[in-house]
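Note that the sequence shown covers residues 8 to 425 in our numbering.
Okay, structure first, notes after.
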Amino acid sequence: MKIEKYDIELNIDFRKLEYTGVEKITLAGEGDTFFLNSVGIDIHEISSRGKPIKFTINSKDETVNTDHKLGPTETIEVKFSARVGETLMGLYVAKYGNDHMITTQFESTGARQAFPCVDHPNYKAVFSLKLVIDNDLEAISNMPVASTEKAGDKKRVIFNDTPRMSTYLLYIGVGKFDSISRKMGHIDGYLTAPRGRLMSNDFPLVEADHVIAKYEDYFGIKYVLPKLHLISVPEFGAGAMENWGAITFRELVILVNDRTSASVKHRVSEVVAHELAHQWFGDLVTMEWWNDLWLNESFATFMSFKMVDELHKDWYMWGDFFMTETAGALNGDSLQNSHPIEAEVKTPDDIAQIFDEISYGKGASILRMIEGYAGKDNFRNGIRKYLKDHEYGNAKGSDLWESIEKASGMPCSRIMEA
């Protein structure tokens, strides 16, 4: 079974914090039965060509199962409704003062809490998103707004289609916002926060501009989307999240003003560079399954320190790297419950457990050693080959080592398998 496209429309009641949805999922896979992942969503109907499809819900496995056999290409329609959550996962409400915004956190398995989908990273698809919202609200997603039209007493915001990407990278934001903008080459850049909370200068955008230019040169591939939002979220469980073209941050790691200390600016720059590295390493090319989470996180950690060091030599970023990432990994690796950088995971709880200093710091330290072993130019050429060979698709850790090995002539695969 292959997912070609999700065409999703959500009608959001911003005040009651609930929504209804209709999605059309285009699938290919003649003779295959199809399943969806869904948690906390009321599914009213699944149909194909106007005929209802019987389905059962397995709450333990978080799946919706059917006996329906797919044709070569088929469009399945799903009608559903749900509450906007309060758990900082899925589609949830982020409160500030007496107001709120609606935002999303889908990594690793939160998309299934917002809409029925095949919520696995290797089931990439194009997303066509429409949001029906109140006229006084704004909406943000991965792509620019294509058009806005009247929808009864509300408005329908229609976004341009995304590239093929994993479900966990979709972003939906609704509220009243303030923004600072910056033209970054071919990219329209925005630093955005809920109205009245954008207490920042343009430092994060300036850093993003310079880092993107560095990455485009290093990877040999342009940033592929026409815009980039850096979004400050008042209630946010992670430090930041690399939604393609709509990166979300905790307020403390993105907002900068004239009184911000140098150490905080260094941290903001590093986090921005980390999330931007994911736009290539994680978004453009994604791990096949979460056991290779380190492919995303180790590489983004390594590249963020590497690029910020090149931009700001006087910040001594590699000293920070050894004290935080390498030392943290050594400390974590000394514990009985440590794990290899490539760890077998099956359930959402398993996946959540490996977002740690091993997947980030240990893997990044190993990548730095491999760069030293293979040589900087060979390492970069291997990375370029890896990204080009797998762009808009998925890859495994072994694919990365093979690419570096071919570029360098060094037995990287054998070393890393030892």
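Backbone N, C-alpha and C fix where the C-beta goes; we use that ideal spot for every residue, glycine too.
Please read these numbers as outputs of a predicted model, since none were measured by experiment.
Can you check DSSP and say which residues form a bridge with residue i?
i                 : result
phenylalanine 166 : Val152
asparagine 72     : Phe42 and Thr63
aspartate 49      : Ser88
leucine 232       : None, per the DSSP bridge assignment.
glycine 246       : Answer is none; glycine 246 lacks a bridge partner.
threonine 82      : Thr33
cysteine 124      : Asn44
serine 186        : Thr199
Between the alpha carbons of residue i and residue j, how many angstroms are there, rounded?
i              : j              : result
serine 341     : glutamine 286  : 32 Å
histidine 346  : isoleucine 50  : 38 Å
serine 268     : serine 173     : 37 Å
glutamate 16   : alanine 153    : 14 Å
serine 415     : serine 405     : 15 Å
histidine 217  : tryptophan 325 : 19 Å
aspartate 316  : alanine 280    : 11 Å
methionine 108 : alanine 307    : 28 Å
lysine 102     : methionine 376 : 43 Å
threonine 333  : serine 372     : 6 Å
aspartate 209  : threonine 155  : 28 Å
valine 29      : serine 88      : 9 Å
alanine 425    : leucine 374    : 15 Å
isoleucine 422 : aspartate 363  : 24 Å
Is the beta carbon of residue i sitting closer than 9 Å to the one on residue j?
i               : j                 : result
glutamate 242   : phenylalanine 184 : no
isoleucine 238  : glycine 180       : yes
leucine 291     : leucine 205       : no
glycine 246     : phenylalanine 309 : no
threonine 40    : threonine 63      : no
tyrosine 178    : serine 148        : yes
threonine 33    : glutamate 81      : yes
phenylalanine 7 : asparagine 18     : Residue 7 falls outside the range modelled here, since the chain spans only 8 to 425, and no answer is possible.
aspartate 356   : proline 201       : no
glycine 252     : threonine 331     : no
glycine 244     : isoleucine 219    : no
valine 91       : valine 100        : yes
State buried or exposed for residue i, treating a residue as buried only when at least 16 other CB atoms are found within 10 Å of its CB.
i              : result
proline 128    : buried
tyrosine 323   : exposed
asparagine 303 : buried
proline 79     : exposed
proline 59     : exposed
glycine 182    : buried
serine 66      : exposed
glutamate 282  : buried
lysine 313     : buried
serine 207     : buried
threonine 94   : exposed
What does a CB cutoff of less than 6 Å around residue i pick up in its chain, not counting 5 residues either side in sequence?
i              : result
methionine 417 : Ala381
glutamate 351  : Asn298
Within its chain, find whatever has a CB closer than 7 Å to the CB of residue i; leave out the 5 residues flanking it on each side and keep chain order.
i            : result
valine 46    : Glu69, Arg119 and Gln120
lysine 392   : Ser410, Lys413 and Ala414
tyrosine 225 : Arg387
glutamate 37 : Leu77, Gly78 and Pro79
serine 311   : Glu277, Ala280, His281 and Ala284
lysine 161   : Val139, Ile140, Asp141 and Asn142
Among residues of its own chain, excluding the 5 on either side of residue i, which ones have a beta-carbon nearer than 8 Å to its beta-carbon?
i              : result
lysine 6       : For residue 6 there is no data in the structure shown, the boundaries of the chain being 8 and 425.
proline 151    : Phe166, Asn167, Asp195, Pro233 and Lys234
isoleucine 228 : Trp287, Leu291, Arg391, Leu394, Lys395 and Glu398
If you measure from the beta carbon of residue i to each beta carbon in chain D, is any gap under 9 Å?
i           : result
tyrosine 26 : Although the question refers to chain D, the structure presented lacks it and comprises just one protein chain.
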